[in-house]
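J.: Read top to bottom, the protein sequences are chains A and B.
Mapping to my numbering: the first sequence position 210 is 210, numbers consecutive.
Mapping to my numbering: the second sequence position 86 is 86, numbers consecutive.
Once you've had a glance at the structure underneath, I'll fire off some questions.
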Amino acid sequence: MNKTGQVAIHEFMKMVKSKGFIIVSLLFPLFTLLAIGGYQLLQSINTQNVESKVTTVGYVDRAGGFDYIGDYGDISFIRYESKEEATSELLVGELDEYFIIPEDYISSGVVNRFTLEKELEPPGGVIRAVRDFLLSNMLQDEVNDDILARAKSPAGFVSTRLDESGNVSPEQGGLLGAFLIPYLFGILFWIAVLSGSFTLLEGLSEEKENRIMEILISSISTKQLLAGKIIGLGTAGLLQIIFWFVSARFIAGLASAAIGGMFSNLEIPTRLLVLGIVYFILGYLIFGIIFSIIGSIVPTYREGQQVSFLLMPLGVLPLVITPFFAENASHPLTYILTFFPISAPVTSMIRIAIGNIPSWQLILTIFILVLSAVGLLFIGAKIIRSFLLMYGKRPTLREIVHSLRQA
Amino acid sequence: MKQFTGENAVIIDKVSKSFNGSMAVNSVSFDVRPGEIFGLIGPNGAGKTTTIRMMMDVIKPDSGNVYILGERLNEHTKNRIGYLPEERGLYRKMTVIDSIIYLGKLKGVDIHIIKNRAEILLDRVGMVPHKSKKIEELSKGMGQSIQFLVAIAHDPQLVILDEPFAGLDPVNTEIIKEIILELKDQGKTIILSTHRMNEIEELCDRIFMINKGQSVLYGELLDIKSRYKNNSILLRIQGELPELQGISSINKYKDHIELFCGANTSPHEIVSQLIGFGIKIDKFEVSTPSLHDIFIQVVGGHE
């Protein structure tokens with residue numbers, strides 16, 4: 001095996017065995033599972049509180065004609081002639097709550113509800129039952145049972161997104177698909193890229209601080225060292241992302257079953273997945289090399305971290321302004337962030353997920369990123385070579401430029 | 001330009017390097033022959049480490065040529081060199097055995113071969129019980145020994161050692177010296193850069209002395225010592241020293257006398273005169289200057 005491969009294997013094994021990598025890898029699926037579990041727990045508590053408590057609902061019909069009781073599951077309705085009568089029954093516990101159908105109900109649609117409970121909003125089960133009760137009373141003599149049932153549940157929407165040519169768009173999922181996936185993708189992308197890049201920064205700083213660099217350079221070139229490190233750590237990062245995707249698909253299935261319709265339309269399109277891997281590799285290359293250069297110039301890892309954080313806002317900006325991309329596909333800022341190498345990977349991923357990036361922009365972005373990565377690798381190898389022996393001293397900008405010319 | 005003849009392990013040909021306008025190495029030339037131990041000596045900041053780094057292509061010379069094992073340094077020749085730099089370290093979290101194996105693999109050696117070599121060398125320096133320890137758990141001396149083993153574990157043809165005895169106790173110093181001599185017996189070429197003149201005298205065949213970036217002494221150690229000898233005799237006798245012919249001056253010490261012979265007087269003539277006077281001689285030694293003295297004399301003369 002060549003030396004780049006040896007370095008890559010060494011870095012890969014070091015990374016996947018590290019506690020930090022294992023924790024970060026498991027954190028996302030664990031956190032999501034916990035969130036689903038928590039949601040279910042809250043739901044069951046909520047359901048118990050509301051559905052088991054309210055079983056008897058009184059009503060006063062001032063509009064007239066609401067005397068068909070019907071069957072509404074666990075909830076039963078009792079008619080009262082006056083508000084006072086219903087109130088006294090409520091106070092002695094014969095009723096859980098009552099409502100008044102006012103005389104102008106047909107024109108106003110207002111129903112006055114009375115309860116002894118403190119609530120943020122009326123319980124869903126009771127409200128559904130009251131609505132069904134009102135509908136049944138208004139329509140039972142006008143329409144047959146099938147139409148009445150449909151009137152109670154008039155529409156279950158199945159949305160399909162079309163593209164500009166009128167064909168079914170590969171990206172579906174409505175608001176959820178348009179924003180949740182890009183956000184999730186962007187965040188996971190950042191976590192993977194940054195954990196790999198910071199490990200690179202830490203590794204190079206450590207090699208510089210530990211004075212091992214000169215021994216390494218006596219065996220391999222700085223280009224081989226840098227390429228090996230980037231490949232090794234990048235593969236570990238890719239493995240992490242693939243693990244997250246596999247677990248995301250599994251968890252999305254669980255979530256659909258647990259939370260109902262909310263996630264039923266949520267699907268990670270294959271195109272997004274494939275381009276996601278391409279952009280991850282390119283984005284990681286760009287950040288990895290930049291972080292390596294920083295690691296080789298600064299005297300300590302701590303200073304390296306500080307300098308690296310200066311780059312973060314530009315990289316994170318696309319995530320913050322995701323809705324902007326959805327509505328401003330042709331805005332100059334969208335173009336700048338799409339084509340500038342540091343912001344390009346996340347911006348492109350978000351725009352692919354939203355579905356408003358033309359193919360020519362995709363190709364141009366990938367071309368720019370490949371070109372930048374190759375250029376940075378050459379410059380990076382030279383800078384690392386120039387500064388690998390500069391221990392404990394922070395070079396000035398002039399020295400950096402001078403060394404670059406000399407290397 | 002000097003051409004590689006096939007007889008030399010290293011050729012340094014008019015090599016110069018300056019940093020920020022200050023000349024660190026100024027048109028230095030020397031050869032290192034295959035199978036010899038070559039001493040690279042000089043005071044602090046003389047340019048030794050810069051010269052070695054140019055040999056290893058860690059820094060590039062401003063001018064001049066460097067040939068290592070018959071060619072300009074490349075990936076292939078890098079694999080045949082063992083290098084112990086002055087500024088050295090290892091991965092602190094890595095175990096001893098893994099460090100030797102990883103750095104050996106970077107020299108293109110098969111994992112089984114390097115593992116086997118590592119075990120043998122660790123046994124040689126008595127560090128087998130520590131092989132699974134992390135580098136950060138080792139004492140400074142142990143760490144230094146491991147650094148040395150890393151430099152030779154891949155069985156290099158040329159070994160460049162910059163201050164190999166720094167931080168070592170006398171026992172480990174002796175072990176490392178023995179290994180260096182064994183390497184020489186195996187036909188390896190060794191370049192030794194150190195401040196410790198006694199070690200140079202003990203180990204080296206030829207030396208190159210550099211001061212302020214310039215060559216000041218170069219050649220066979222014995223020739224240099226002979227060149228710098230001061231024609232004196234160290235003498236211990238019973239009784240009083242008689243008046244001898246051909247003596248320019250005398251230094252008397254507690255347990256011996258130092259006689260400085262005149263330009264045309266040989267030590268043999270002094271012995272003959274002493275015997276003629278019936279003097280009993282306990283010690284008679286033709287004095288040769290130590291490398292330390294030569295070093296002081298040469299470097300001092302350039303100040």
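Positions of the beta carbon are idealized from the N, C-alpha and C atoms, including for glycine.
Please read all numbers here as calculations on a predicted model, not as lab measurements.
Between phenylalanine 4/B and chain A, is there a C-beta pair that is closer than 8 Å?
T.: Residue mapping note: residue 4/B aligns to position 4 of the second sequence, counting from 1. A caution first: phenylalanine 4/B carries a pLDDT of 44, below 50, which makes its placement in the model unreliable, though a value can still be read off. By this cut-off, phenylalanine 4/B is not an interface position.
J.: In chain A, what lies closer than 7 Å to proline 164/B by C-beta?
T.: Numbered from its first residue, the second sequence carries residue 164/B at position 164. Ordered by position in chain A, no residue passes the 7 Å Cβ test against proline 164/B, which lies about 14 Å from the chain.
J.: Extract the residue ranges of the alpha helix (DSSP H) inside the stretch 132–208 of chain B, only unbroken runs of 4 or more that lie entirely within it.
T.: 140–152, 170–185, 197–203
J.: At a Cβ cut of 7 Å, what residues of the stretch 219–246 of chain A count as close to chain B, listed as they run along the chain?
T.: Ser219, Ile220
J.: Output needed in chain order: residues of the stretch 83–103 of chain B with a Cβ under 7 Å from some Cβ in chain A.
T.: Answer set for the stretch 83–103 of chain B: Tyr83, Pro85, Glu87, Arg88, Gly89, Leu90, Tyr91, Arg92, Tyr102, Leu103.
J.: I want to see whether chain A comes within less than 8 Å of lysine 115/B, judged by CB atoms only; does it?
T.: Translated into the one-based positions of the second sequence, residue 115/B becomes position 115. Lysine 115/B does not count as touching chain A.
J.: Can you have a look at threonine 334/A and say buried or exposed, based on whether 16 or more other CB atoms are within 10 angstroms of its CB?
T.: Locating residue 334/A in the first sequence gives position 334, counting from the first residue. Threonine 334/A comes out buried.
J.: Could you check where the alpha helix (DSSP H) with asparagine 116/B kicks off and where it finishes?
T.: Working through the second sequence from its first residue, we reach residue 116/B at position 116. Counting along the chain, the alpha helix (DSSP H) containing asparagine 116/B begins and ends at 111–124.
J.: Does the beta-carbon distance from leucine 106/B to serine 296/A come in below 8 Å?
T.: What you label residue 106/B is simply residue 106 of the second sequence in a count that begins at 1. What you label residue 296/A is simply residue 296 of the first sequence in a count that begins at 1. Cβ distance not < 8 Å, so leucine 106/B and serine 296/A don't count as in contact.
J.: Is the stretch 143–154 of chain B in contact with the stretch 114–132 of chain B, if contact means three or more CB pairs nearer than 8 Å?
T.: yes
J.: What number of angstroms, rounded off, separates the C-alpha of glutamate 178/B from the C-alpha of glutamate 399/A?
T.: As a first step, residue 178/B must be located in the second sequence, where it is residue number 178. As a first step, residue 399/A must be located in the first sequence, where it is residue number 399. Those two C-alpha atoms are separated by around 44 Å.
J.: So, are the CB atoms of glycine 276/A and leucine 233/A less than 8 Å apart?
T.: For the purposes of this step, residue 276/A is identified with residue 276 of the first sequence, where counting begins at 1. For the purposes of this step, residue 233/A is identified with residue 233 of the first sequence, where counting begins at 1. No, they are not a contact pair.
J.: Could you check if alanine 149/A is buried or exposed, using at least 16 other CB atoms within 10 Å of its CB as the buried criterion?
T.: Taking the first sequence and counting its residues from 1, the one referred to as residue 149/A is at position 149. It counts as exposed.
J.: Against chain D, does lysine 3/A count as a neighbour if the rule is that its beta carbon must be under 8 Å from one of theirs?
T.: You won't find chain D in this structure, because its protein chains are A and B.
J.: Using the beta-carbon of each residue, which ones in chain B are nearer than 8 Å to glutamine 6/A?
T.: By one-based count along the first sequence, residue 6/A stands at place 6. By Cβ distance, chain B contributes Tyr102, Lys105, Leu106.
J.: From isoleucine 12/B to valine 66/B, what distance separates their C-alpha atoms?
T.: The residue you call residue 12/B lines up with position 12 of the second sequence. The residue you call residue 66/B lines up with position 66 of the second sequence. C-alpha separation (whole angstroms): 5 Å.
J.: Our contact map puts aspartate 282/B next to glutamine 245/B with C-beta atoms below 8 Å; I'd like the distance itself, whole angstroms only.
T.: What you label residue 282/B is simply residue 282 of the second sequence in a count that begins at 1. What you label residue 245/B is simply residue 245 of the second sequence in a count that begins at 1. No, aspartate 282/B and glutamine 245/B are not in contact; Cβ-Cβ is about 22 Å, not under 8 Å.
J.: Could you pull out every unbroken beta strand (DSSP E) segment of at least 3 residues lying fully inside the stretch 95–141 of chain A, listed in chain order?
T.: With a minimum length of 3 residues, the continuous beta strand (DSSP E) runs that stay inside the stretch 95–141 of chain A are 97–101, 112–115.
J.: Ignore the nearest five residues each way along the sequence and tell me which others in arginine 305/A's own chain have a CB closer than 8 Å to its CB.
T.: Within the first sequence, residue 305/A is the residue found at index 305, counting from 1. Position check: residue 305/A holds glutamine in this sequence, whereas arginine was assumed. These residues qualify, in order along the chain: Phe198, Leu201.
J.: By the 10 Å Cβ neighbour count, where 16 or more other Cβ atoms means buried, how is tryptophan 360/A classified, buried or exposed?
T.: The residue labelled residue 360/A in the question sits at position 360 within the first sequence. Per the 10 Å Cβ criterion, exposed.
J.: Contact check, glycine 39/B vs leucine 192/B under 8 Å by CB: the rounded distance?
T.: Locating residue 39/B in the second sequence gives position 39, where the first residue counts as 1. Locating residue 192/B in the second sequence gives position 192, where the first residue counts as 1. That pair is a contact at about 5 Å.
J.: Chain B beta carbons: is any one of them nearer than 8 Å to that of histidine 331/A?
T.: For the purposes of this step, residue 331/A is identified with residue 331 of the first sequence, where counting begins at 1. With 8 Å as the cut-off, histidine 331/A does not count as an interface residue toward chain B.
J.: With H, G and I counted as helix, E and B as strand and the rest as coil, what does DSSP make of glutamine 3/B?
T.: Translated into the one-based positions of the second sequence, residue 3/B becomes position 3. Because the pLDDT at glutamine 3/B is just 44, under 50, the model does not fix this residue reliably, and the point stays unresolved.
J.: Enumerate in chain order the residues of its own chain whose CB-to-CB distance from phenylalanine 260/B is below 6 Å, with the five nearest sequence positions on each side excluded.
T.: Position 260 of the second sequence, counted from the first residue, corresponds to residue 260/B. Around phenylalanine 260/B: Ser232, Ser248, Ser249.
J.: So, with DSSP's three-state summary, where would you put aspartate 98/B?
T.: The residue you call residue 98/B lines up with position 98 of the second sequence. The DSSP-derived three-state label of aspartate 98/B is helix.
J.: Suppose you measure from the CA of glycine 65/A to the CA of alanine 35/A; what does that come to, to the nearest Å?
T.: Here residue 65/A refers to the residue found at position 65 when the first sequence is read from its first residue. Here residue 35/A refers to the residue found at position 35 when the first sequence is read from its first residue. When rounded, the distance between both Cα atoms is 47 Å.
J.: Would you list, in chain order, the members of the stretch 25–52 of chain B that have their beta-carbon closer than 8 Å to a beta-carbon of chain A?
T.: none
J.: So for phenylalanine 280/A, helix, strand or coil by DSSP?
T.: Counting from 1 along the first sequence, the entry for residue 280/A is found at position 280. Reduced to three states, the DSSP call for phenylalanine 280/A is helix.
J.: Give the residues of chain A in contact with methionine 56/B, contact being defined as C-beta atoms less than 7 Å apart.
T.: The count along the second sequence starts at 1 and reaches residue 56/B at position 56. Correct list: Ser218.
J.: Quick one: any contact between the stretch 151–160 of chain A and the stretch 132–143 of chain A, if contact means 3 or more CB pairs under 8 Å?
T.: In short, these stretches touch, since the Cβ pair count reaches three.
J.: What's the C-alpha gap between glutamate 220/B and isoleucine 37/B?
T.: Numbered from its first residue, the second sequence carries residue 220/B at position 220. Numbered from its first residue, the second sequence carries residue 37/B at position 37. Going from the Cα of glutamate 220/B to the Cα of isoleucine 37/B covers about 11 Å.
J.: Which residues share a DSSP beta bridge with glycine 39/B?
T.: Counting from one through the second sequence, the residue named residue 39/B turns up at place 39. Bridge partners of glycine 39/B: Leu192/B, Ile207/B.
J.: Measure the C-alpha to C-alpha separation of serine 139/B and leucine 377/A and round it to an integer number of angstroms.
T.: As a working note, residue 139/B is residue 139 in the second sequence. As a working note, residue 377/A is residue 377 in the first sequence. About 38 Å.
J.: Among Pro102/A, Ile75/A, Gly109/A, Ile147/A, which one has its Cα closest to the Cα of proline 123/A?
T.: Position 123 of the first sequence, counting from 1, holds the residue named residue 123/A. The residue with the shortest Cα to Cα distance from proline 123/A is Ile75/A.
J.: Would arginine 92/B and glutamate 136/B qualify as a contact pair, given that the criterion is a beta-carbon distance under 8 Å?
T.: Along the second sequence, one-based indexing puts residue 92/B at 92. Along the second sequence, one-based indexing puts residue 136/B at 136. Going by C-beta atoms, arginine 92/B is nearer than 8 Å to glutamate 136/B.
J.: Given this structure, state the Cα-to-Cα distance separating threonine 300/A from asparagine 230/B, to the nearest angstrom.
T.: One-based indexing of the first sequence puts residue 300/A at position 300. One-based indexing of the second sequence puts residue 230/B at position 230. About 53 Å.
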